[in-house]
Amino acid sequence: MTDRARTHSRTLRARAGTVLAVAAAALLCGGAATAGAAERWPPGGTADGVRIAQRGGQSAIVFEQRASRLYRTIAGKRVTVVCVEKARSRSFMVTESSASTELVAPKTRQPQRISGLARGADYCRVWLPKRTVRRSGSRGTIGPRPVVAIATTERGTVHLDEEATAMTMDLVITVAGSIADDGGFASSARVVRFFDRAGRAAPIEVVALASPADTPPAGKVGYYRGGREHAAAVMLSTSDRRLFMELLPDDELRTNVLGYINGYGSEIE
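Quick note on numbering: the sequence shown equals residues -37 to -1, 1 to 232 in mature numbering (1 follows the signal peptide of the UniProt record, and there is no 0).
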């Protein structure tokens, strides 16, 4: 079933402060702010070397040696771990239940014990909570910031994969609207060139589509521009499901990933 929304800009404003808004702003400023997380997009997604070990009803998040760099982002800091069970339906967009706990990650890499939190969950995500910072003499709030997600079931694996795909397409559409000179969407050539030049700051490969009904090769985002107010992004999930976002005149949005976009981060709100 296709989801509809009146305006994409309204959706973006509703999610202001999320990782998408931060990433888009950083890319448009040259990508420096995202370079530290260059190997992973989106931040807060899955990562090699991070898993959940369960024994005797108890759970622990394990950061292996290859995830040492990622662990350093939370070492010695207070984090929130949220474990989510998705609704048992054809949709992966609805949360059936969730549970969370707060802990302080040891300064040296070791398993993070979360009791029985992961039992029955489809995935868990580690967050750095909101924090207050002072810049240029004024106080502000940063976060919450997603660190990593770990699937514990096949359902969770599919959800996290499609969530990451949706966020990737949304970033491409957001950037396309931001770099256009006429207030609409940039041309396919310009968007492809932008992401080619972004390099490690945004490890996303974009290809031009001749039609919004076309499908790009696996692992690439297809981008289409059919006019100043008409653009689309298409991508295949790991399971070969065709996911899409299409923006039309009069601020109409056609997509099958709206639940992922609007739901991202809601687990900690």
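Built from N, CA and C at the ideal position, the CB exists for glycine as well.
Values in this document were obtained by computation on a predicted structure and should not be read as measured data.
Span separating the alpha-carbon of residue i from that of residue j
i           : j    : result
M132        : G222 : 14 Å
R18         : A112 : 20 Å
P175        : D11  : 33 Å
T(-4)       : E48  : Residue confidence for T(-4) is low, a pLDDT of 40 falling below 50, so the modelled location carries little weight and cannot support an answer.
Y187        : D124 : 23 Å
P166        : P69  : 31 Å
L211        : R118 : 32 Å
S202        : V138 : 26 Å
V184        : W90  : 27 Å
V96         : K40  : 15 Å
V197        : R14  : 30 Å
E168        : R160 : 10 Å
T71         : T9   : 21 Å
R29         : G228 : 26 Å
A1          : L80  : With a pLDDT of only 39 at A1, under the threshold of 50, the placement of this residue in the model should not be trusted, and no figure is reported.
residue 245 : D177 : Nothing can be reported for residue 245, as the shown portion of the chain is limited to -37 through 232.
R82         : G189 : 47 Å
F55         : A143 : Residue confidence for F55 is low, a pLDDT of 49 falling below 50, so the modelled location carries little weight; the figure read from the coordinates is stated next. Between F55 and A143, the C-alpha separation is close to 33 Å.
Y86         : G162 : 30 Å
L33         : I77  : 19 Å
E59         : G182 : 30 Å
R98         : V135 : 30 Å
G147        : D213 : 12 Å
Residue i - containing beta strand (DSSP E), residue span
i    : result
F148 : F148 -> no beta strand (DSSP E), and no H or E assigned at all.
R188 : 184 to 190
R205 : 205 to 211
I113 : 108 to 114
L216 : 215 to 218
A194 : 193 to 199
A171 : 169 to 171
First and last residue of the uninterrupted alpha helix (DSSP H) at residue i
i           : result
residue 311 : Past the boundaries of the shown model lies residue 311; the chain is included only from -37 to 232, so the question cannot be answered.
I224        : 221 to 226
Sub-7 Å separation of residue i and residue j beta-carbons
i    : j    : result
A84  : T43  : no
A129 : I224 : yes
A23  : P74  : yes
A171 : S151 : yes
T191 : D145 : Note that residue 191 corresponds to Arg in the displayed sequence, not to Thr. Result yes, Cβ atoms of R191 and D145 sit closer than 7 Å.
E215 : A195 : no
R88  : V45  : yes
L206 : V220 : yes
V25  : A38  : no
A127 : P5   : yes
Whole alpha helix (DSSP H) runs in the segment 19 to 106 with 4 or more residues, listed along the chain? 31 to 34
Would you check if the segment 104 to 111 and the segment 145 to 157 touch, i.e. whether three or more CB-CB distances between them fall below 8 Å? no
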